[in-house]
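**Q**
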Amino acid sequence: FELDASGELTDRLSINAGYTHLMSIKNDDGDNVKPYTPRRLARLTAVYKVPQIEGLKVGANVNWQSDVHVDLTIPAGTFRFKQESYATVNL
4 FELDASGELT
14 DRLSINAGYT
24 HLMSIKNDDG
34 DNVKPYTPRR
44 LARLTAVYKV
54 PQIEGLKVGA
64 NVNWQSDVHV
74 DLTIPAGTFR
84 FKQESYATVN
94 L
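Right, dumping it as C-alpha cells:
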C-alpha cells in the first residue's frame with residue numbers, strides 16, 4: 004500500500020509526505036523473492052517561498068528506505084550481502 008499527502012501549511016510553506024509498504028513479492032512456489040527491493044519507504048519534502056526575493060524557493064527532502072539483502076550461492080557456499088536501512092537528505 005502507499006499513502007501520500009501534500010498541501011500548503013501557509014502561503015509560503017508547502018509539504019509532501021509519503022509512505023510505501025510492500026508486503027511481499029512471491030514466486031510461483033510462494034517463496035519471498037527480490038529481497039533487494041526495499042519493503043518500506045518514507046519521504047518528506049518541504050518547499051519555502053522566500054518573501055524577500057520574489058520567485059526564490061528553497062526546499063529540502065528526506066528519503067528513507069528499509070534494509071535490503073541478496074543471497075549469493077557459489078560452490079563455496081551461500082553468502083548474504085546486506086545493506087542496512089538508511090536515509091538521505093537533499094537541500
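Mapping of the sequence shown onto my numbering: residues 4 to 94, in sequence order. Backbone N, C-alpha and C define an ideal beta-carbon position, used for all residues, glycine too.
Can you tell which of G80, R15, V73 and L44 has its C-alpha closest to the C-alpha of V53?
**A** The option with the nearest alpha carbon to V53 is R15.
**Q** Relative to the alpha-carbon of V71, which residue among K37, T81, A45 and A49 has its alpha-carbon at the smallest distance?
**A** When only C-alpha atoms are compared, the closest one is K37.
**Q** When you compare the region 18-28 with the region 40-56, are there three or more beta-carbon pairs, one atom per stretch, that lie closer than 8 angstroms?
**A** Yes, they touch.
**Q** When you compare the CB positions of A63 and A79, do they come within less than 7 angstroms of one another, or not?
**A** Cβ atoms of A63 and A79: not closer than 7 angstroms.
**Q** Going straight from the alpha carbon of T40 to that of T76, what length do you get?
**A** Using only the alpha carbons, I get a separation of about 19 angstroms.
**Q** Name the one or two DSSP bridge partners that Y89 has.
**A** BP columns for Y89 point to Q68.
**Q** Can you tell me where the beta strand (DSSP E) holding N19 begins and where it ends?
**A** Note, N19: beta strand (DSSP E), L16 to H24.
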